[in-house]
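Going by the working numbering, the sequence shown opens with residue -18, and the numbers climb by one from there. One structure is given here, and the rest of the page talks about it.
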Amino acid sequence: MRAGTRSRAFMRPEHRKANLESWDERVPIHLRSRLYDVEGFITGGSRLRPFELDEMGGVSGRRVAHLQCHIGLDTLSLAREGAMVTGLDFSPAAINAARDLAIRTGIKADFVVGDVLEAASILEGPFDIVYTGLGAICWIDDLARWSRQIADLLEPGGMLYLVEFHPLTDIFSDESLEVTDSYFDDGRAFRDESSGTYADPDAVTEKNVSYSWTHPISAVITHLIAAGFSIDGFREHDFTLFPRFGNLVNDHDDIHRFPEGHPRLPLMYSLRAMRT
Ligand SMILES: C[S@@+](CC[C@H](N)C(=O)[O-])C[C@H]1O[C@@H](n2cnc3c(N)ncnc32)[C@H](O)[C@@H]1O
C-alpha cells in the first residue's frame, strides 16, 4: 500500500534509520500474522512458491545466500529443500526471530545482521546462488552497488534469482487502476507514512515513516549487466502474493489475480542472471 509523497534521491542516514526502525517494529507483528503463518511453518512444509523452485532449477546441495531474509521463513524453506543457506538482513529483530525459528524447527541455517549494500564484505562466500526479492529491492537506493555486491558474493557461473513485485503496480492507486504515480521516479525516494503493515494493515504501529524506491525493470537489468551478469531468464507474472488491489481474487494458496475477464497486467516478475 502506498500512501505518501516523493522526496529526495539517494539514501541518507535518516532514511536508513527510519526504515530500520519501521522493520524492527513490524517483526513481532509479522510473527503472529496469518500471512506469515509461523506456526504452520513450524509444523512442516515450504514457503517457497512452486514457480520459484522450478525457475531456480533445484537448490539441493547448493550454497545459497538469501539477501533481505526478514524473519527467515523463505531462508529456512530453502534449507528444507536441501540448500546450505545463509540469510542476511539489517534488522536485528528479524534476524533474532529467524535464528529462533531455526532452533524451533531444527533446521540448519546461518543468519547474519548486515546491510545488503555491504553483503559481500559481511558474508563468507562464495555462493552458488543468491536468492532475494518479494518486497526487497524497493528498499535499495543504489542498484549499481547492489548488483556489484551480488556479483562479488557469487562463484563465477553462479546465479542470482530475483523474484519481485512488478514496479508497474507502483503507479496505480490502491483501490483502482487510476494512474497516480510515475513509473520513472529518477531515483527519488517515496516517503510512506502508513501505519500497520501488509501482513496486518490494522496493527497499531508507531514507526510509520519509511522510504522506498521504484526500480523500472530496465534499470535492474542494466545494472546487473554492468556488474557482469548475463540475463538467463525473465518472466512477468499475472499474479501476486497479496491483495495489492481490491478486486484481486485469491484463487489458491497465496496467489492473487485479477478476476476472469479483467485485463491481465503484470503483477510480479522473476529473473535469473548468471555471473560471468
Ligand atoms: C518484505 S521483507 C523481504 C521479503 C521476504 N521475502 C519476506 O517477506 O519475508 C524486506 C526486508 O528487507 C530488509 N531490509 C530493508 N533494507 C535493508 C538493507 N538496506 N539491508 C538489509 N536488509 C534490509 C528489512 O529488514 C526486511 O526484513
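Glycine included, every Cβ here is placed at the ideal spot set by N, Cα and C. None of these values were measured; they are calculated from a predicted model.
Residue i beta carbon near ligand 1 (any heavy atom closer than 7 Å)
{"i": "A75", "result": "yes"}
{"i": "V97", "result": "yes"}
{"i": "Q130", "result": "no"}
{"i": "W194", "result": "no"}
{"i": "I103", "result": "no"}
{"i": "N264", "result": "The shown model of the chain, from -18 to 257, leaves out residue 264, and the question about it has no answer."}
{"i": "S72", "result": "yes"}
{"i": "G116", "result": "yes"}
{"i": "L82", "result": "no"}
{"i": "L54", "result": "yes"}
{"i": "N0", "result": "yes"}
{"i": "H51", "result": "yes"}
{"i": "W272", "result": "Residue 272 lies beyond the residue range present for the chain, which begins at -18 and ends at 257; the question has no answer from this structure."}
Three-state secondary structure (DSSP) of residue i
{"i": "L141", "result": "strand"}
{"i": "L124", "result": "helix"}
{"i": "V40", "result": "coil"}
{"i": "T195", "result": "coil"}
{"i": "M(-18)", "result": "With a pLDDT of only 47 at M(-18), under the threshold of 50, the placement of this residue in the model should not be trusted, and no figure is reported."}
{"i": "E20", "result": "helix"}
{"i": "H147", "result": "coil"}
{"i": "Y250", "result": "strand"}
{"i": "S163", "result": "coil"}
{"i": "D219", "result": "coil"}
{"i": "A46", "result": "strand"}
{"i": "I206", "result": "helix"}
{"i": "V29", "result": "Note that residue 29 is Leu in the sequence shown, not Val. Coil."}
{"i": "H233", "result": "strand"}
{"i": "I118", "result": "helix"}
{"i": "V185", "result": "coil"}
{"i": "V190", "result": "coil"}
{"i": "R(-13)", "result": "strand"}
{"i": "S3", "result": "helix"}
Cβ-based burial, residue i [other Cβ within 10 Å; buried from 16]
{"i": "F92", "result": "buried"}
{"i": "R44", "result": "buried"}
{"i": "A207", "result": "exposed"}
{"i": "I121", "result": "buried"}
{"i": "A125", "result": "exposed"}
{"i": "D232", "result": "exposed"}
{"i": "F71", "result": "buried"}
{"i": "H51", "result": "buried"}
{"i": "R256", "result": "buried"}
{"i": "S176", "result": "exposed"}
{"i": "L104", "result": "buried"}
{"i": "T221", "result": "buried"}
{"i": "T178", "result": "buried"}
{"i": "G39", "result": "exposed"}
{"i": "I118", "result": "buried"}
Beta-carbon separation (whole angstroms), residue i vs residue j, contact threshold 8 Å
{"i": "G53", "j": "G68", "result": "5 Å"}
{"i": "S191", "j": "A(-1)", "result": "6 Å"}
{"i": "T150", "j": "L248", "result": "6 Å"}
{"i": "E36", "j": "R253", "result": "6 Å"}
{"i": "A180", "j": "H11", "result": "5 Å"}
{"i": "D123", "j": "L141", "result": "Not a contact, Cβ separation roughly 16 Å."}
{"i": "I212", "j": "I198", "result": "Contact doesn't hold; Cβ gap of about 11 Å is too wide."}
{"i": "L229", "j": "R216", "result": "Between R216 and L229 the Cβ distance is about 19 Å, and since that is not below 8 Å, they are no contact."}
{"i": "E145", "j": "Y250", "result": "6 Å"}
Proximity winner among the options, relative to residue i (alpha-carbon distances)
{"i": "Y112", "options": "S157, A60, P182", "result": "A60"}
{"i": "D109", "options": "V190, L135, A125", "result": "L135"}
{"i": "L143", "options": "D219, P137, I131, S154", "result": "I131"}
{"i": "G116", "options": "L34, Q49, V230", "result": "Q49"}
{"i": "G168", "options": "L222, H196, N77", "result": "H196"}
{"i": "A90", "options": "P107, D219, A79", "result": "A79"}
{"i": "S27", "options": "D55, G39, V8, H51", "result": "D55"}
{"i": "D81", "options": "G63, S163, L57", "result": "L57"}
{"i": "N77", "options": "V94, C119, S175, G39", "result": "V94"}
{"i": "E159", "options": "T186, A170, G227", "result": "G227"}
{"i": "R(-7)", "options": "Y17, R7, S193", "result": "S193"}
{"i": "G214", "options": "T221, L222, L205", "result": "L205"}
{"i": "G42", "options": "E62, G25, K188", "result": "E62"}
beta-carbon residue i near ligand 2 non-hydrogen atom, thresh 7 Å
{"i": "A75", "result": "Ligand 2 is absent from the structure shown, which contains only ligand 1."}
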